[in-house]
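Chains A and B, in that order, give the protein sequences. Position 120 (the first sequence) corresponds to 120 in our numbering; numbering is contiguous. Position 60 (the second sequence) corresponds to 60 in our numbering; numbering is contiguous. Glycine residues also receive a C-beta, built at the ideal position from the N, C-alpha and C atoms. Note that the structure is predicted; figures quoted are calculated from it, not measured.
2 protein chains.
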Amino acid sequence: MKIPSKYIENAVDQIASLPGIGRRTALRLVLQLLNRSKEEIDDFSQAFQLMKENVVKCSSCGNVSDFEVCSICSNSNRDRSIICVVEDIRDVLAIEATETYKGVYHVLGGIISPMDGVGPSDLNILSLIDRIENEEVKEVIFALSATMEGDTTNFYIYRKIKDFEVIISSLSRGVAIGSELQYADEITLGRSIANRQPFSL
Amino acid sequence: MKIPSKYIENAVDQIASLPGIGRRTALRLVLQLLNRSKEEIDDFSQAFQLMKENVVKCSSCGNVSDFEVCSICSNSNRDRSIICVVEDIRDVLAIEATETYKGVYHVLGGIISPMDGVGPSDLNILSLIDRIENEEVKEVIFALSATMEGDTTNFYIYRKIKDFEVIISSLSRGVAIGSELQYADEITLGRSIANRQPFSL
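Pasting the structure below:
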């Protein structure tokens, strides 16, 4: 696919550099942009520059934020003694959407993954230990992915904080609500039998 | 999904304004951008502004181009007496990729679609008639989509140019090469029997 304009070619390269977008899709998106007015293109372009200039990491939990302390950490209605450890902002949004959690978060910014060259020092782990040491933390909830990398990260943090007086819990795993038993995978179903709960209405 | 940063929110809105990209995907892409350096973000943003400032329509065929006359129209090896009428630049790229066409193009910039409010005056049709009138054109090839809108556009242009001394042809329609007969749709298969061709090796 030889594009007859180096400016379009360059814009396609930039869009195609985003994860999961191929050059054919990128060309479709770029041609749609080309049909917009100069003002719309300026708004589009500046959105990313403004974001890069203004978004910082919350000095407490490491979540992305427009201010030094994010809106969750600075909310006096949240229980600062419970910390939910997550991988990135999308997990925060997912848990916030449930409207059932009233504690605060700690965003690691990734999980330990030697294959991708991500070690413990690349993550926001020291500041978590610092919070547990210096703030009145009663409980730490592990809410990382149920993958080998997630389990490794859980174990690494567990070893670092197990001597503090803090309850360490993790999300319950089991058959999803609304799903049919016969379609659950063996590992999930097996674990949900082993970890069966008292029946309640 | 309530994003705790208005700058990220704005960037997500801009990415989600592209066709076929939802807010969840947009957030994933925006977070990936946020991890890039300031220079990379500047390159990303400026690509679209540079494109808008520099890309023009070829004064002859209407294709997008960095120059007043596009690289195909200004190529002396192309046969300017054959004009292939297409909808947009992606069709030009698709035909160019076949490396079998040596004529030039005329890019309409869309097809007649009353449902979307696109009429003949919104398209690059007058300049096509102008080319047929004033240049030595021997053949016009219709290469629009085989849809009702494409057929309508073909018919509209046909009525405008039928009195000129010019051969009017259209892409052959039929069973795709390499595809199995049993999976061809009835209309395509029916037409390919009606329009059968002399056998050749």
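Next item on the list: Write down the C-beta distance between Arg78/A and Val56/A rounded to the nearest angstrom, noting that I regard them as a contact closer than 8 Å.
Entry: In the first sequence, counting from the first residue as 1, residue 78/A sits at position 78. In the first sequence, counting from the first residue as 1, residue 56/A sits at position 56. Not really, about 20 Å apart at Cβ, beyond 8 Å.
Next item on the list: In angstroms with no decimal places, state the Cα-to-Cα distance between Cys84/B and Ile141/B.
Entry: Here residue 84/B corresponds to residue number 84 of the second sequence, with the count starting at 1. Here residue 141/B corresponds to residue number 141 of the second sequence, with the count starting at 1. Computed Cα separation, rounded: 5 Å.
Notebook entry, point to check: For Ala40/B, which three-state DSSP category applies?
Noted result: Residue mapping note: residue 40/B aligns to position 40 of the second sequence, counting from 1. Note that residue 40/B is Glu in the sequence shown here, rather than Ala. Residue state, collapsed to three classes: helix.
Notebook entry, point to check: Would Leu31/B count as contacting chain A if we go by Cβ distances under 8 Å?
Noted result: Counting from one through the second sequence, the residue named residue 31/B turns up at place 31. Output row for Leu31/B: interface = yes.
Note to self: I'd like to know whether the C-beta of Tyr158/A is nearer than 8 Å to at least one C-beta of chain B.
What the structure shows: What you label residue 158/A is simply residue 158 of the first sequence in a count that begins at 1. Output row for Tyr158/A: interface = no.
Item checked: Minimum Cβ-Cβ distance from Asp163/B to chain A less than 8 Å -> In the second sequence, the residue the question calls residue 163/B occupies position 163. Judged by the 8 Å Cβ criterion, Asp163/B is not in contact with chain A.
Item checked: Residues bridged to Val104/B (per DSSP) -> Numbered from its first residue, the second sequence carries residue 104/B at position 104. Answer by DSSP bridge pairing, in chain order: Ile83/B.
Check: Sorted by chain position, which residues of the same chain lie with C-beta nearer than 7 Å to Ser60/B's C-beta, five sequence neighbours on each side aside?
Finding: Position 60 of the second sequence, counted from the start, is the residue given in the question as residue 60/B. Once the five neighbours on either side are set aside, the close Cβ partners of Ser60/B are Val69, Cys73.
Notebook entry, point to check: Along the chain, where does the beta strand (DSSP E) that runs through Phe142/B open and close?
Noted result: Against the second sequence, residue 142/B aligns to sequence position 142. Unbroken beta strand (DSSP E) run through Phe142/B: 139-142.
Check: Candidates Leu189/B, Val175/B, Ile112/B: which alpha carbon is nearest Val86/B's?
Finding: The count along the second sequence starts at 1 and reaches residue 86/B at position 86. Across the set Leu189/B, Val175/B, Ile112/B, the C-alpha of Ile112/B shows the shortest separation from the C-alpha of Val86/B.
Notebook entry, point to check: List, in order along the chain, the chain B residues whose C-beta lies closer than 7 Å to that of Lys5/A?
Noted result: What you label residue 5/A is simply residue 5 of the first sequence in a count that begins at 1. This sequence places Ser at residue 5/A; Lys is not what is there. In chain order: Val55, Val64, Ser65, Asp66.
Check: Between Asn154/B and Asp185/A, what straight-line distance do the alpha-carbon atoms span, to the nearest angstrom?
Finding: Numbered from 1 along the second sequence, position 154 holds the residue referred to as residue 154/B. Numbered from 1 along the first sequence, position 185 holds the residue referred to as residue 185/A. C-alpha separation (whole angstroms): 54 Å.
Next item on the list: Just list the beta strand (DSSP E) runs in the stretch 115-154 of chain B, keeping only unbroken ones of 3 residues or longer that don't cross its boundaries, in chain order.
Entry: 139-142
Check: Using DSSP with H/G/I as helix, E/B as strand and the rest coil, what is Lys57/B?
Finding: One-based indexing of the second sequence puts residue 57/B at position 57. Residue state, collapsed to three classes: strand.
Check: Just to confirm, are Glu49/B and Ser45/A a CB contact at a threshold of 8 Å?
Finding: To locate residue 49/B, count along the second sequence from 1; it is residue 49. To locate residue 45/A, count along the first sequence from 1; it is residue 45. The sequence as given places Gln at residue 49/B; Glu does not occur at that position. Yes, these two residues count as a Cβ contact at 8 Å.
Check: Under the DSSP definition of a beta bridge, which residues are partnered with Ile167/A?
Finding: Looking up residue 167/A in the first sequence gives position 167. Its beta-bridge partners are Glu139/A.
Checklist line | Nearest to Ser37/B (by Cα), restricted to the options Glu136/A, Met51/A, Arg24/A | finding: The count along the second sequence starts at 1 and reaches residue 37/B at position 37. Checking every option, the nearest Cα to that of Ser37/B belongs to Met51/A.
Next item on the list: Please compile the residues from chain A whose C-beta is within a distance smaller than 7 Å of the C-beta of Glu99/B.
Entry: As a first step, residue 99/B must be located in the second sequence, where it is residue number 99. Under the 7 Å cutoff, chain A gives no residues; its nearest Cβ is about 11 Å from Glu99/B.
Note to self: If I measure Cβ to Cβ from Arg131/B and keep anything under 8 Å in the same chain, skipping five residues before and after, which residues do I get?
What the structure shows: On the second sequence, position 131 is the one that residue 131/B refers to. Closer than 8 Å at Cβ, skipping near neighbours: Ser60, Ile83, His106, Val137.
Check: Quick one: does Ile89/B have its CB under 8 Å from some CB of chain A?
Finding: Counted from its first residue, the second sequence places residue 89/B at position 89. Closer than 8 Å to some Cβ of chain A, the Cβ of Ile89/B qualifies, so yes.
Next item on the list: Select from the stretch 8-20 of chain B all residues with a C-beta closer than 7 Å to any C-beta belonging to chain A, and list them in chain order.
Entry: Residues Ile8, Asn10, Ala11, Gln14, Leu18, Pro19.
Checklist line | Proximity of Ile41/B and Ala26/B at Cβ, strictly below 8 Å | finding: For the purposes of this step, residue 41/B is identified with residue 41 of the second sequence, where counting begins at 1. For the purposes of this step, residue 26/B is identified with residue 26 of the second sequence, where counting begins at 1. The answer is no: Cβ separation not under 8 Å.
Item checked: For Ile129/A, the nearest candidate out of Ile161/A, Tyr101/A, Thr100/A, Val30/A (CA to CA) -> By one-based count along the first sequence, residue 129/A stands at place 129. The shortest C-alpha separation from Ile129/A is found at Ile161/A.
Notebook entry, point to check: Name the chain B residues that come within less than 7 Å of Ala47/A, Cβ to Cβ?
Noted result: In the first sequence, the residue the question calls residue 47/A occupies position 47. Within 7 Å Cβ-Cβ: Asn10, Ala11, Gln14.
Notebook entry, point to check: Name the residues in the stretch 135-154 of chain B whose C-beta lies less than 9 Å from a C-beta of chain A; which are they?
Noted result: none
Checklist line | Sheet register partners of Val64/A (DSSP bridge) | finding: By one-based count along the first sequence, residue 64/A stands at place 64. Val64/A pairs with Lys57/A.
Item checked: Whole-angstrom distance between Leu33/A and Asn10/B, CA atom to CA atom -> Reading the second sequence from its first residue, position 10 is the one you call residue 10/B. Reading the first sequence from its first residue, position 33 is the one you call residue 33/A. One C-alpha to the other measures close to 17 Å.
Notebook entry, point to check: Should Ala47/B go down as buried or exposed, given a rule of 16 or more other Cβ atoms within 10 Å for buried?
Noted result: As a position in the second sequence, residue 47/B is number 47, starting the count at 1. With 16 or more Cβ atoms within 10 Å of its Cβ, Ala47/B is classed as buried.
Next item on the list: Round the Cβ separation of Val64/B and Ile89/B to the nearest angstrom and send it over; I've been treating them as touching at under 8 Å.
Entry: As a first step, residue 64/B is located in the second sequence; it is residue number 64 there, counting from the start. As a first step, residue 89/B is located in the second sequence; it is residue number 89 there, counting from the start. 5 Å between Cβ atoms; contact.
Notebook entry, point to check: How is Ser113/B classed by DSSP in three states: helix, strand or coil?
Noted result: Taking the first residue of the second sequence as position 1, residue 113/B is located at position 113. Ser113/B falls in the strand class under three-state DSSP.
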